[in-house]
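If you want my numbering, it's the position in the sequence shown, counting the first as 1, plus 146. Virtual Cβ for every residue (Gly too), placed ideally from N, Cα, C. Keep in mind the model is a prediction, meaning the values are calculated, not measured.
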Amino acid sequence: QVQLVESGGGLVQPGESLRLSCAASGNVFRISTMNWYRQAQGKERELVATIISDGSANYADSVKGRFTISRDNAKNTVYLQMNSLKPEDTSVYYCNLHWRLFNYWGQGTQVIVSS
């Protein structure tokens, strides 16, 4: 069983930065694909960034050039560095671990970007 615990959310002003962290339990982290999703109020959950086991990453067009996903396999942790935040980035951010047919989710961390 895998458990994911996110942290790092908060209230920031437009243009500021935040770094989200997601710590995973278990022993499949290093061979899993890790994703960050977000869901704004009244909207569907959307994929923000993906990092596979070899470190290759992909991003949604809306965050390219501003967000960076990274992983530390020694710490079983994935990060999302968010720079130049905009009000439209306001969402609950969820960490996801995908391994074979299994998907695990964290509880979510709230990010609010407002002046």
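### Message
Excluding the 5 residues flanking residue 218 on each side, which residues of the same chain have their C-beta closer than 7 angstroms to its C-beta?
### Response
Looking up residue 218 in the sequence shown gives position 72. Nothing listed; no residue qualifies.
### Query
From the DSSP output, which residues share a beta bridge with residue 223?
Within the sequence shown, the letter at position 77 stands for residue 223. Per DSSP, 169, 218.
### Query
DSSP on residue 176, reduced to helix/strand/coil?
Working through the sequence shown from its first residue, we reach residue 176 at position 30. Residue 176: helix per DSSP, three-state reduction.
### Task
Measure the Cβ-Cβ separation of residue 203 and residue 197 and say whether it is below 9 angstroms.
Your numbering for residue 203 matches position 57 in the sequence shown. Your numbering for residue 197 matches position 51 in the sequence shown. Yes, they are a contact pair.
### Residues of its chain near residue 227, where Cβ-Cβ distance is below 6 angstroms and the 5 sequence neighbours each way are ignored
In the sequence shown, counting from the first residue as 1, residue 227 sits at position 81. Answer for residue 227: 165, 214, listed in chain order.
### Query
Which value, in whole angstroms, describes the spacing of the CA atoms of residue 245 and residue 149?
Indexing the sequence shown from 1 puts residue 245 at position 99. Indexing the sequence shown from 1 puts residue 149 at position 3. C-alpha separation (whole angstroms): 13 angstroms.
### Task
Quick one: residues in its chain with C-beta nearer than 8 angstroms to the C-beta of residue 163, no 5 flanking neighbours on either side, listed in chain order?
In the sequence shown, residue 163 corresponds to position 17, counting from 1. Only 227, 228, 229, 230, 231 meet the Cβ criterion.
### Message
Taking only three categories from DSSP, how would you classify residue 162?
### Response
Position 16 of the sequence shown, counting from 1, holds the residue named residue 162. Looking at residue 162 - three-state DSSP - the assignment turns out to be coil, as it is neither helix nor strand.
### Task
May I ask you to report which of helix, strand or coil DSSP gives residue 190?
Residue numbering aside, residue 190 sits at position 44 when the sequence shown is read from its first letter. Coil at residue 190, not helix or strand.
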